[in-house]
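Position in the first sequence (first residue = 1) + 14 = this note's numbering. No residue lacks a Cβ here, since even glycine has one placed at the ideal position from N, Cα and C. A quick note: this is a predicted structure, and the numbers were derived from the prediction, not measured. Presented below is the structure to which this report refers.
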Amino acid sequence: MPELPEVETTLRGIRPHLLKQGVQKVVIRRPTLRWPIPEELPGLMERAAVEEVSRRGKYLLLKFPLGHLMIHLGMSGSLSLVARDTVAGKHDHVDIVLGSGLILRYNDPRRFGCMLWVEGEPLAHPLLASLGPEPLGPLFDNEHLYQCSRRKSLPIKSFLMDSKVVVGVGNIYANEALFRSGIHPLRKANRISQQRYARLSDVVREVLAAAIAQGGTTLRDFVGGDGKPGYFKQELQVYGRGGQGCVDCEATLTEVRLGQRSTVYCPQCQH
DNA sequence: ACGAAGCCCTGCAAGC
DNA sequence: TGCTTGCAGGGCTTCG
């Protein structure tokens with residue numbers, strides 16, 4: 015389940031192998047992702063070189079002379095770099111064969127991801143145009159959260175996971191950040207003080223930065239690896255721990271469903 | 001305009 | 001053992 019740290023780790027892992035590399039061939043085995051992969055993709059990319067590799071939220075952007083390839087990993091997608099003769103597995107839907115002899119391979123069992131072509135300014139694309147600030151960028155702070163939340167009566171957890179508010183905070187990190195800032199996930203967004211938002215924005219940055227730092231430890235092995243660093247788990251304090259003891263006060267962690275998302279919190283520590 | 005629910009999809013685990 | 005059922009979840013889309 016790629017959250018922002020995993021996407022960032024993927025970006026850092028693939029970028030050095032893609033920059034200035036020519037695309038020899040694009041193989042689309044299964045075009046039916048969230049939206050169909052454009053049939054004209056091979057014609058647009060083949061014999062062209064990758065000029066830039068970047069990220070906006072959880073969307074990866076590969077710049078080519080004629081436009082950008084926009085990739086989202088959904089919740090089960092991954093990109094890996096494999097040697098040219100590597101046999102494709104069950105959910106290996108797309109191969110981008112590079113001049114270097116490596117293949118950038120897109121795998122996505124649940125096919126919630128997408129691979130689209132964008133002409134012109136990619137940030138103007140409908141999927142990107144109304145995204146909120148990057149959580150690790152300068153525009154994300156308590157002031158932003160506070161101002162955004164003034165007319166929002168939805169639960170803070172839903173608010174935090176809204177990509178128009180801030181990108182890249184998925185279910186796992188929303189649970190963790192709220193625990194670490196002592197905020198009850200069901201509290202209404204407009205019932206939280208600016209001081210508490212200050213703590214929350216700090217914690218969101220800390221948690222994501224720490225996860226990225228750990229994802230970085232697997233970068234060395236990205237080529238040929240499965241591209242799925244195992245940074246989470248050990249540091250998680252509430253996610254996946256419903257019914258177990260709070261790491262701070264030992265109270266039993268409560269698990270509820272919010273939206274259709276598993277939500278875990280400490281009834282003692284979070285208000 | 002806002003908020004909640006629905007939906008896409010497959011793999012895995014639990015229950016019968 | 002093999003079926004069915006439920007759950008996981010990002011985020012766009014639809015409904016109220």
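In the DSSP assignment, find the alpha helix (DSSP H) that holds residue 26 and state where it starts and stops.
Boundaries of the alpha helix (DSSP H) harbouring residue 26: 18-32, taken from the DSSP string.
Out of curiosity, what's the CA-to-CA distance linking residue 133 and residue 81?
Cα to Cα, the separation comes out at about 5 Å.
Reduced DSSP category for residue 216 - H, G, I as helix; E, B as strand; rest coil
In the three-state reduction of the DSSP assignment, residue 216 falls in the helix class, which pools H, G and I.
Is the distance from the Cβ of residue 90 to the Cβ of residue 124 below 8 Å?
Yes, these two residues count as a Cβ contact at 8 Å.
What separation, rounded to the nearest whole angstrom, lies between the Cα atoms of residue 63 and residue 151?
Distance between the alpha carbons of residue 63 and residue 151 is about 29 Å.
Just how far apart, CA to CA, sit residue 258 and residue 252?
Their backbone Cα atoms lie some 9 Å apart in a straight line.
Taking just the CA atoms, how far does residue 135 sit from residue 280?
About 44 Å.
Here's the rule I'm using: 16 or more other beta-carbon atoms within 10 Å means buried, otherwise exposed. How should residue 20 be labelled?
Looking at its Cβ environment, which holds 16 or more other Cβ atoms inside 10 Å, residue 20 is buried.
Nearest-angstrom beta carbon gap, residue 218 and residue 149 [assumed within contact, 8 Å]:
Yes, they are in contact, since the Cβ atoms of residue 149 and residue 218 sit about 5 Å apart, within 8 Å.
When burial is assigned at 16 or more other CB atoms within 10 Å of the CB, is residue 285 buried or exposed?
Residue 285 should be labelled exposed.
In three-state DSSP terms, what is residue 129?
The answer is strand: DSSP assigns residue 129 an E or B state.
In three-state terms, what does DSSP make of residue 172?
The three-state reading of DSSP puts residue 172 in helix, counting H, G and I together.
I'd like the span of the beta strand (DSSP E) that includes residue 119, first residue to last.
Looking at the DSSP string, the run of the beta strand (DSSP E) that includes residue 119 is 116-121.
Candidates 32, 129, 76: which alpha carbon is nearest residue 13's?
With the chain running from 15 to 285 in the structure shown, residue 13 is simply not present.
Put residue 241 into one of helix, strand or coil per three-state DSSP.
Since pLDDT at residue 241 reaches only 43, below the 50 mark, its modelled position is unreliable, and the value read off the structure follows with that caveat. DSSP places residue 241 in coil when its eight states are reduced to three.
How would you write the range of the beta strand (DSSP E) that residue 271 sits in, first residue to last?
Its beta strand (DSSP E) spans residues 268-272.
For residue 209, which of 158, 59, 33 has the nearest alpha-carbon?
The shortest Cα separation from residue 209 among 158, 59, 33 belongs to 158.
Residue 205 by DSSP, collapsed to three states: which one?
Residue 205 falls in the helix class under three-state DSSP.
Do you know whose CA, among 106, 79, 199, 254, lies nearest residue 169's CA?
Looking at the Cα atoms, 199 is the closest of the given residues.
Would DSSP call residue 107 helix, strand or coil?
The three-state secondary structure of residue 107, taken from DSSP, is strand.
Tell me the DSSP secondary structure of residue 141 in three-state form.
In this structure, residue 141 counts as helix in the three-state DSSP scheme.
Return the Cβ separation of residue 288 and residue 118 in integer angstroms, given the expectation that the two are a contact with Cβ distance under 8 Å.
Lying before the first or after the last residue shown, residue 288 is absent from the chain, which here runs from 15 to 285.
What is the C-beta distance between residue 174 and residue 180, in whole angstroms, given that I count them as a contact (C-beta under 8 Å)?
Their Cβ separation, rounded to whole angstroms, is 7 Å, which keeps residue 174 and residue 180 in contact under 8 Å.
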